[in-house]
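For reference, the structure is listed below as structure tokens.
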Amino acid sequence: MWQLPPMASPKLLRPLAVVLATLLVITTLWRLRINVLEPLVPDDLPHDHVEEPSENEEMDWSRFAYVQYVTDDNYLCNSVMLFERLHSMHSKADRLLMYPDDISTAEEDTSLESKLVRKARDEYNVKLQPIQVQSRPSGDATWAESYTKLLAFNQTQYDRVLGLDSDSTVLQPMDELFLLPSCPVAMPRAYWLDPNGRTMSSQLFVIEPSDFEFGRIMESISHAGGSEYDMEIFNELYKDSALIIPHRPYNLLTGEFRAESHTAYLGNPLEQWDPDTALSEAKYLHFSDWPVPKPWIKARPDVIKDKQPACQTVPDQPENCRNRELWLGFYEDFARRRKAVCDIDV
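Here the sequence shown is numbered in our numbering, starting from 1 and rising by one per residue.
Below you can see the structure in the form of structure tokens.
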């Protein structure tokens, strides 16, 4: 027969009483936190980070923009070519062109510059932002004018902008980069340089424009040395705070197809280089093949012959020239699109 358990002695009850009292205190404090403390913390504090919409909301892509800067005719054509690529890929974000304020957009202006700016606006839905080209009196004029790139920090009409160097080919849209975690600057590493230097590449960057960051940029420009340009300024200010974008697939160099070792790009010594795979996954291809000139400058045949990727030979197998075929194709494609978009021959 089941019976009530015997009564415990007073000595055994004392520890139990202590435990129960402790639990009562904890429960009381927890209720006090919920009922008293939490109302003191507002739930509507402003957030600076970019938030993705809920399932019932649509993303407002007008908050973001792909941005290009122009300093001369060659780079103007390159930028229009880049916008043509984004337009054909149906990229969702705005497209913004920062161009010299001395270029007219009047219909009666028949200059090449005016025609290209109007073409960007009318055919590729590009928003126009006239600016004054930034430069310094000393140093390489081409690189000095790249300070103009940094005016992207002043485009505060956008929550985020994605800057791309125009001596490149966009292979796939990169709208997803606008949804990175909030940070003033996001950039890839310059994987082809000494990895111990942790140098970032300014060929591609995602920034959150603001008066504060623009002020920092302009201050750095005013104190920059003769050999310091946009890449040096980016690294000086943001080397230890920038969000790192993976260079693979967001920053592939054409020179990678000429390289003997691909460990730096692949990120490990075990993976085998496959040029077709690398190209198919890449989203942004930057022309960098010194001493081969940029793709809008026709290279001498002897330079191409000497610097083109070597074919790979394996005993008892056909010669593999795929790196060379793709590399030559990059330059042929650029020349073809330059003629189609800008009506300019290389």
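Think of the CB as a built atom: it goes at the ideal place given N, C-alpha and C, for glycine as much as any other residue. As the structure is a prediction and not an experimental result, all values here were calculated from the model.
The C-beta of residue 179 has fewer than 16 other C-beta atoms within 10 Å across all chains shown, which makes the residue exposed. Each of 260, 293, 342, 85 was checked against the Cα of residue 324, and the nearest Cα belongs to 260. Assignment of beta-bridge partners to residue 320 by DSSP yields 312. The continuous beta strand (DSSP E) containing residue 185 extends over residues 185–188. One alpha carbon belongs to residue 345, the other to residue 77, and they sit about 11 Å apart. Counting along the chain, residue 182 sits inside no beta strand (DSSP E), nor does DSSP assign it H or E at all. At the C-beta level, residue 80 and residue 99 stay beyond 7 Å of one another.
Looking at the DSSP output, residue 94 sits in a beta bridge with 65. Per the DSSP secondary-structure output, residue 168 pairs in a beta bridge with 286. Of the residues assessed, residue 291 falls on the exposed side of the cut-off, its CB having fewer than 16 other CB atoms within 10 angstroms.
In this structure, 220 is the residue among 67, 220, 246 with its C-alpha nearest to the C-alpha of residue 235.
Secondary-structure assignment with DSSP links residue 129 through a beta bridge to 98.
Residue 210 and residue 246 have their C-alpha atoms spaced approximately 24 Å apart.
About 6 Å separates the beta carbon of residue 244 from that of residue 189, a gap short enough to meet the 8 Å contact definition.
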